[in-house]
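Novice: Would you mind keeping the following structure in view while I ask a few things?
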Amino acid sequence: MIREKIKSSVYNISLSTISHFVIDLYPAFIVGIIPLIAARFSLSIFQVSIMTAITLISNSLTQPLFGFFSDKNGMKNYMAYGVLSAAIFLSLTAVASNYYIILILLFLGNLGVSAFHPPSAAIGAEYRGKKKGFGISIISLGGNAGYAMGSLFFILIIDKIGINFSPLAMIPGIIIAILLLRLLSTYDSKKKLEKGTVQKSDHEKIKFQKAKLLHIFLVWVASFSRDVLWIGLLTFMPLYYSNLKINIINISIILLAFGLIGGIGGVFSSFFSDRLKRNVLIQIAYAVMVPLVFFIFKSNTPTSIGLFILSGFFMISTVPLCISMSHEIFPKRLSLASSLVMGASSGCAGIAIMFLGKLADKIGIEKTIYIILILPFIAITAMFFMPYAERKRAEK
């Protein structure tokens with residue numbers, strides 16, 4: 022029985038990792054073709070930021086809703102139809118005839134991305150034991166690799182066979198959607214109460230929920246701070262490097278390296294989380310990340326690219342840490358917990374980027390990124406309160 026359960030867990034995680042890789046190819050498309058679209062429709066930085074904001078509001082801010090329903094109704098359909106929707110709508114973006122149709126396609130396609138992610142992260146929590154969080158980091162690595170390769174994948178299609186053939190990119194997503202429907206084991210993230218669990222009074226339940234809210238809020242602050250900087254870099258750096266006369270394929274390769282090394286960082290952080298507390302690892306990652314980003318704009322082009330790629334290791338390494346922390350807070354609502362630190366934080370970050378894009382039009386990309394660098398210090402401070410929040414939750 023135990024062997025079968027482990028086999029099923031590994032099987033589900035493997036399938037989820039592959040599907041996570043494929044679905045995250047699609048939202049990355051818009052990152053890779055930002056310079057093309059900006060030139061084609063004569064867009065300002067603010068208009069480019071609106072594309073990023075629409076993407077993130079759709080694929081992130083709606084995640085708690087999808088997380089709630091996937092916990093309630095089962096995960097398979099949300100994952101399968103999420104991939105299908107993302108593949109179809111986002112693959113049509115490059116052939117859209119105007120800017121507003123692009124925004125509509127981005128919104129519809131990214132709803133599929135939103136439906137997929139909470140149950141996918143919840144499946145990662147099946148991998149338990151001493152390496153708790155390892156399953157999440159592996160699935161996260163698949164997603165980061167997909168997102169990293171997404172822009173290059175689409176750019177190569179456009180460059181080699183023409184922009185009119187970019188809808189062919191939907192084929193991998195359609196295949197994965199079919200495989201998920203046919204092969205993914207039925208999985209329900211709800212956990213039954215253990216025997217002997219003492220029922221709490223209404224007053225105790227209210228106190229317990231308040232302690233949980235404090236705990237998850239601190240995790241959300243860490244996630245939001247990272248997401249604003251991460252999304253800001255992915256939105257602004259293609260424009261910045263394009264202004265340095267780096268061609269679009271090389272920019273896609275830079276983004277590929279940034280995402281891949283970030284995914285590797287997630288595996289490393291999960292490994293070391295067995296030895297150091299997660300909040301301490303997050304503080305270390307943010308403390309190293311800030312100077313790396315700061316000197317991107319103070320260095321020559323090769324060094325700037327190297328610092329940008331290296332910052333991805335520390336930035337993205339915190340993703341599985343935050344997800345694991347959320348699962349510990351809400352162990353019976355894994356999809357919902359995942360959505361709070363993936364979706365809600367990214368969605369709010371997307372809204373922030375829209376305003377930061379307007380600011381970048383006025384003061385420039387470099388100064389805007391420096392303003393964003395204030396947020397990691399807020400996150401580091403929030404992590405100092407994590408032991409207090411954990412004690413309060415344990416007391417209740």
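Counting from 22, one number per residue, gives the positions in the sequence shown under the working numbering.
Cβ coordinates follow ideal geometry from the N, Cα and C atoms, glycine included.
1) With a Cβ-Cβ cutoff of 8 angstroms, do M363 and M336 count as a contact?
2) Taking Cβ positions, are V242 and A400 nearer each other than 8 angstroms?
3) Taking just the CA atoms, how far does I270 sit from G53?
4) Quick check: I195 and A108, are their CB atoms within less than 8 angstroms of each other?
5) Helix, strand or coil: how does DSSP classify D382 here?
6) Roughly how many whole angstroms lie between the Cα atoms of G95 and S112?
7) Determine the direct distance from the alpha carbon of L234 to that of G286, and round the result to whole angstroms.
8) At the 8 angstroms Cβ level, is F128 part of the contact set with chain C, yes or no?
9) CB-CB under 6 angstroms to A169, same chain, minus the five flanking residues each way: which ones, in chain order?
10) Within its chain, find whatever has a CB closer than 8 angstroms to the CB of L394; leave out the 5 residues flanking it on each side and keep chain order.
11) Whole angstroms are fine: how far does the CA of L239 sit from the CA of C369?
12) Can you give me the start and stop residues for the alpha helix (DSSP H) that D92 sits inside?
13) Which residue's Cα is closest to the Cα of S158: T83, T38, K181, I125?
14) Using a threshold of 8 angstroms, state whether the C-beta atoms of A74 and I326 are closer than that.
15) Let me check understanding here. Comparing Cα to Cα, which of L355, L377, F351 lies closest to S141?
16) When burial is assigned at 16 or more other CB atoms within 10 Å of the CB, is I227 buried or exposed?
17) Distance, Cα to Cα, N80 vs S40?
18) Let me know the secondary structure DSSP gives S320 once reduced to three states.
19) Alpha carbon to alpha carbon, how far is V340 from V31? Give it in angstroms, no decimals.
20) By a C-beta neighbour count over all protein chains shown, 10 Å radius and 16 as the cutoff for buried, is T218 buried or exposed?
21) Around the C-beta of G88, are 16 or more other C-beta atoms found within 10 angstroms, so that it is buried, or is it exposed?
22) Take the Cβ of F174 as the centre, count every other Cβ of all protein chains shown within 10 Å, and call the residue buried at 16 or more, exposed below.
23) Which residue marks the beginning of the alpha helix (DSSP H) containing V288, and which one marks its end?
24) Could you pull the start and end residues of the alpha helix (DSSP H) that K97 belongs to?
25) At the level of alpha carbons, what is the spacing between G167 and F329?
26) Where do the N-terminal and C-terminal ends of the alpha helix (DSSP H) with M191 fall, by residue?
27) Give the range of the alpha helix (DSSP H) segment to which I78 is assigned.
28) What are the start and end residues of the alpha helix (DSSP H) that includes Y307?
29) If I measure Cβ to Cβ from A365 and keep anything under 6 angstroms in the same chain, skipping five residues before and after, which residues do I get?
30) How is D180 classed by DSSP in three states: helix, strand or coil?
Specialist: The relevant details are as follows:
1) no
2) yes
3) 8 angstroms
4) Their beta carbons are under 8 angstroms apart, which means I195 touches A108 by this criterion.
5) helix
6) 27 angstroms
7) About 28 angstroms.
8) The structure shown contains no chain C, having only a single protein chain.
9) L277, G280, L281
10) L250, V311, V314, F315
11) Each residue's alpha carbon lies about 15 angstroms from the other.
12) 84-94
13) T38
14) no
15) L355
16) No answer about I227 holds up, because its pLDDT of 41 lies below 50 and its placement is not dependable.
17) Those two C-alpha atoms are separated by around 16 angstroms.
18) coil
19) 21 angstroms
20) Only weak support exists for where T218 lies, its pLDDT of 41 falling under 50; the value from the coordinates is given anyway. T218 is exposed by the Cβ-count criterion.
21) buried
22) buried
23) 269-293
24) 97-112
25) A direct Cα-Cα distance of roughly 19 angstroms separates G167 from F329.
26) 191-204
27) No alpha helix (DSSP H) holds I78; DSSP gives it neither H nor E.
28) 299-315
29) P85
30) helix
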